[in-house]
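Structure first, commentary second.
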Amino acid sequence: MYFFYKGVRVFYKRAGEPKAVFLHGWGGDSQSFSGAENYLNSLGVGYVAPDLPGFGKSGYDVEWDIFDYADCVSALIKQMGTVTLVGHSFGGRIALILGNQKSIEKIVLTGCAGLKPRFSLSKVVSETKYKLYKKLKRDLSRFGSYDYRNAGKLKPVLVRVVNEYLDKQAKSVTAKTLIVWGKKDEVTPYYMAKSLARKIKGSILKPLDGDHFAYLSPKFSFYLGEFIKGGTICP
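First residue of the sequence shown: 184, per our numbering; consecutive thereafter.
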């Protein structure tokens, strides 16, 4: 299925009456959460999974920032009633931004990017040197990363996205929140999960013995299903 947003064709797949919306990470597509989608199907829970613009079957001609992506997802779910957003990495950024909308009942975050990283050097160097260090470290990480090297026409979009910190948005989340995180994640380390849990009032943190792609674990699917249906992991 397709819809158009700001002139961009956006592909999405839909199963049943949507209760969950899956938001894939950078370089992913609507198939990224297929294991979790199949599990929800077995529970009779419907879902929507878009190819975010720039990926999969959706249009590639975009010059967006992360807030444009959030507006696009908001437009997609506008007629769906209340839903649970499930976001991985880049998709988690979008979920954070939308986490205070009335139409978002719950959000599930895994390997979510967007928080300011911590730097121990801040205690031992001057403010000026620290700022220079942060910029250098961010640039080296960004321009040497696999995502950046393979971003093609989307490089300007990626640069805008990764340099937008969302700590303020995290503190504004009002939706019930489940954080499921791989303790071996080296892309978004586990300390970021703990930081998110502190920022999002009433959130539930569940660690998994996995990496940045912990959502591929059957246990992730189980937690997701229980959370959506109001099961035992909910306080």
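Using N, Cα and C, we set each Cβ at its ideal position, and we do this for glycine too.
Next on the checklist: Cutting at 7 Å between CB atoms, please list the residues of its own chain near F281, excluding the five before and the five after it.
Outcome noted: Taking the sequence shown and counting its residues from 1, the one referred to as residue 281 is at position 98. Here the sequence assigns Leu to residue 281, which means Phe is not the residue at that position. The residues are A253, V256, S257, L268, I287.
Item to check | Rounded separation between E246 and P236 - CA only | outcome: Taking the sequence shown and counting its residues from 1, one reaches residue 246 at position 63. Taking the sequence shown and counting its residues from 1, one reaches residue 236 at position 53. E246 and P236: Cα-Cα distance of roughly 10 Å.
Checklist entry - Where R343 and N283 are concerned, what is the direct C-alpha to C-alpha distance, given to the nearest angstrom? => result Translated into the one-based positions of the sequence shown, residue 343 becomes position 160. Translated into the one-based positions of the sequence shown, residue 283 becomes position 100. Roughly 22 Å between the two C-alpha positions.
Next on the checklist: Quick check on the DSSP output: what are the complete beta strand (DSSP E) runs of length 3 or more inside the segment 348–383, in order along the chain?
Outcome noted: 359–365
Checklist entry - Could you check where the alpha helix (DSSP H) with L235 kicks off and where it finishes? => result Looking up residue 235 in the sequence shown gives position 52. Element bounds for L235: n/a, residue is neither H nor E.
Checklist entry - Taking Cβ to Cβ, would you say L391 is nearer than 9 Å to A380? => result Taking the first residue of the sequence shown as position 1, residue 391 is located at position 208. Taking the first residue of the sequence shown as position 1, residue 380 is located at position 197. No. Outside cutoff.
Checklist entry - Do L259 and F205 have their C-beta atoms within less than 9 Å of each other? => result In the sequence shown, the residue the question calls residue 259 occupies position 76. In the sequence shown, the residue the question calls residue 205 occupies position 22. Cβ distance not < 9 Å, so L259 and F205 don't count as in contact.
Item to check | Boundaries of the alpha helix (DSSP H) in which P401 is found, first to last residue | outcome: If you number the sequence shown from 1, residue 401 lands on position 218. Taken as a continuous stretch (DSSP letters only), the alpha helix (DSSP H) holding P401 covers 401–412.
Checklist entry - Apart from the five residues on each side of it in sequence, which residues of its chain come closer than 6 Å, Cβ to Cβ, to C295? => result Numbered from 1 along the sequence shown, position 112 holds the residue referred to as residue 295. So the qualifying residues of the chain are G275.
Item to check | Range covered by the alpha helix (DSSP H) that runs through R343 | outcome: Residue numbering aside, residue 343 sits at position 160 when the sequence shown is read from its first letter. Where R343 is concerned, the enclosing alpha helix (DSSP H) stretches over 338–345.
Item to check | Given L292 as reference, the closest of T360, F250, G385, K240 once Cα atoms are compared | outcome: Within the sequence shown, residue 292 is the residue found at index 109, counting from 1. The option with the nearest alpha carbon to L292 is T360.
Item to check | Reference K336; option with closest CA among T265, G199, G242, V193 | outcome: Mapped onto the sequence shown, residue 336 falls at position 153. Selected option, being the one with the closest Cα: G242.
Checklist entry - Helix, strand or coil: how does DSSP classify F194 here? => result In the sequence shown, residue 194 corresponds to position 11, counting from 1. The answer is strand: DSSP assigns F194 an E or B state.
Item to check | R301 beta carbon less than 9 Å from that of Y374 | outcome: Locating residue 374 in the sequence shown gives position 191, where the first residue counts as 1. Locating residue 301 in the sequence shown gives position 118, where the first residue counts as 1. The answer is yes: Cβ separation under 9 Å.
Item to check | C-alpha gap between S303 and V191, whole angstroms | outcome: Here residue 303 is taken as the residue at index 120 of the sequence shown, counted from 1. Here residue 191 is taken as the residue at index 8 of the sequence shown, counted from 1. A caution first: S303 carries a pLDDT of 42, below 50, which makes its placement in the model unreliable, though a value can still be read off. Using only the alpha carbons, I get a separation of about 42 Å.
Next on the checklist: Report the CB separation of P233 from F194 in whole angstroms; it is logged as a contact under 8 Å.
Outcome noted: Counting from one through the sequence shown, the residue named residue 233 turns up at place 50. Counting from one through the sequence shown, the residue named residue 194 turns up at place 11. About 7 Å; that satisfies the 8 Å criterion.
Checklist entry - With burial defined as no fewer than 16 other Cβ atoms inside 10 Å of the residue's Cβ, what is the status of P201: buried or exposed? => result In the sequence shown, the residue the question calls residue 201 occupies position 18. Buried is the call here.
Item to check | Backbone CA spacing between K367 and A397 [nearest angstrom] | outcome: Here the question's residue 367 lines up with position 184 in the sequence shown. Here the question's residue 397 lines up with position 214 in the sequence shown. For K367 and A397, the distance between alpha carbons rounds to 9 Å.
Next on the checklist: Quick check: what's the CA-CA separation for D248 versus K261?
Outcome noted: Looking up residue 248 in the sequence shown gives position 65. Looking up residue 261 in the sequence shown gives position 78. Rounded to the nearest angstrom, the two C-alpha atoms are 20 Å apart.
Next on the checklist: The beta strand (DSSP E) that contains G270, what's its start and end?
Outcome noted: Counted from its first residue, the sequence shown places residue 270 at position 87. From DSSP, the beta strand (DSSP E) with G270 extends over 266–271.
Item to check | When V266, G385, H271 are compared against F216, the one with the closest alpha-carbon | outcome: As a working note, residue 216 is residue 33 in the sequence shown. Cα-wise, what sits closest to F216 is H271.
Checklist entry - By Cβ distance below 7 Å, which residues in the same chain neighbour K240 in space, the five residues on each side in sequence not counted? => result The residue you call residue 240 lines up with position 57 of the sequence shown. Contacts found: F194, D234.
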